[in-house]
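Enquirer: Dumping the structure here so I can ask a few things about it.
In the numbering used here, the protein residues as written are 87 to 282.
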């Protein structure tokens, strides 16, 4: 499959060429169409990862399950974790795109912007601080994580299902951050105004 980069320079969305609609599997085209209908745009991460369409769809299936379906953590908590992980990894795409989602779910653009830079300076509840601290430790110092790190989570009211989901969301964002950063994914301009 040959791919073509739609634009160069400031309009470039990935270090790799991005496939055109006719070059991707039908399921990818359908997902792009659904995103366009729901969001008003196709996220650049959808376009950039479609270089390998089947792998992209596998990633999307798990990502969608963790972030967009009914879960054990609230949507705002999952997005808080996504932004805290992305900030720790300095992943521009995910900090911006999930910062927009956190603004929408929390209704607090100031909090979301602060978490994207340094969660310690954000106006967080004690539970949110516990989630952010654990997310940062597992992201930056995974070899130091022990069973004792679950104690503050339990003290903040998390049960086993919530802890498992928390770990899965942290893992998903570490994966996604690395792909996005390694290939220079650029967030859509639309994210900057969402939830403000």
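Think of the CB as a built atom: it goes at the ideal place given N, C-alpha and C, for glycine as much as any other residue.
Whole angstroms are fine: how far does the CA of residue 233 sit from the CA of residue 146?
Expert: If you take the alpha carbons of residue 146 and residue 233, they lie about 30 Å apart.
Enquirer: Return yes when the Cβ of residue 263 is within less than 8 Å of the Cβ of residue 175, no when it is not.
Expert: Yes, the pair counts as a contact, with Cβ atoms nearer than the cut-off.
Enquirer: Give me the Cα-Cα distance between residue 272 and residue 178, rounded to the nearest whole angstrom.
Expert: Straight-line Cα distance between these residues: approximately 7 Å.
Enquirer: Could you give the DSSP three-state label for residue 197: helix, strand or coil?
Expert: Residue 197: helix per DSSP, three-state reduction.
Enquirer: What first and last residue would you give for the alpha helix (DSSP H) that runs through residue 154?
Expert: 139-154 is the span of the alpha helix (DSSP H), which, as asked, contains residue 154.
Enquirer: On a Cα-Cα basis, can you pick out the residue from 214, 229, 260 that is closest to residue 241?
Expert: Residue 214 is the option with its Cα nearest to residue 241.
Enquirer: Does residue 249 come out as helix, strand or coil in the three-state DSSP assignment?
Expert: Residue 249: helix per DSSP, three-state reduction.
Enquirer: Within the same chain, show all residues whose beta-carbon is closer than 7 Å to that of residue 91, passing over the 5 residues directly before and after it, in chain order.
Expert: Since pLDDT at residue 91 reaches only 44, below the 50 mark, its modelled position is unreliable, and no value is offered.
Enquirer: Terminal residues of the continuous alpha helix (DSSP H) containing residue 176?
Expert: No alpha helix (DSSP H) contains residue 176, which DSSP labels as neither H nor E.
Enquirer: Out of 128, 118, 218, point me to the one whose CA is closest to residue 163's CA.
Expert: Closest option to residue 163, Cα to Cα, is 218.
Enquirer: For residue 134, which of 266, 195, 278, 275 has the nearest alpha-carbon?
Expert: Ranking the options by Cα distance to residue 134, first place goes to 266.
Enquirer: Ends of the alpha helix (DSSP H) at residue 269?
Expert: Here residue 269 belongs to no alpha helix (DSSP H), and DSSP marks it neither H nor E.
Enquirer: Can you list, in chain order, the residues of its chain with a C-beta nearer than 7 Å to that of residue 191? Leave out the 5 residues immediately preceding and following it.
Expert: If we look at residue 191 and ignore the five residues flanking it on each side, its Cβ neighbours are 161, 162, 165.
Enquirer: Classify residue 230: buried if its beta carbon has 16 or more other beta carbons within 10 angstroms, exposed otherwise.
Expert: That one is exposed.
Enquirer: Determine the closest residue to residue 223 out of 205, 210, 122, with distance taken between C-alpha atoms.
Expert: For residue 223, the nearest C-alpha among the options comes from 205.
Enquirer: Thinking residue 281 and residue 189 are a contact (beta carbons under 8 Å), I'd like their distance in whole angstroms, please.
Expert: Going by Cβ atoms, the distance from residue 281 to residue 189 rounds to 3 Å, so yes, they are a contact pair.
Enquirer: According to DSSP, is residue 136 part of a helix, a strand, or is it coil?
Expert: It is helical.
Enquirer: Drop a sphere of 10 angstroms on the beta-carbon of residue 279, count the other beta-carbons inside from all chains shown, and report buried for 16 or more, exposed for fewer.
Expert: The residue in question, residue 279, is exposed, as its Cβ has fewer than 16 Cβ neighbours within 10 Å.
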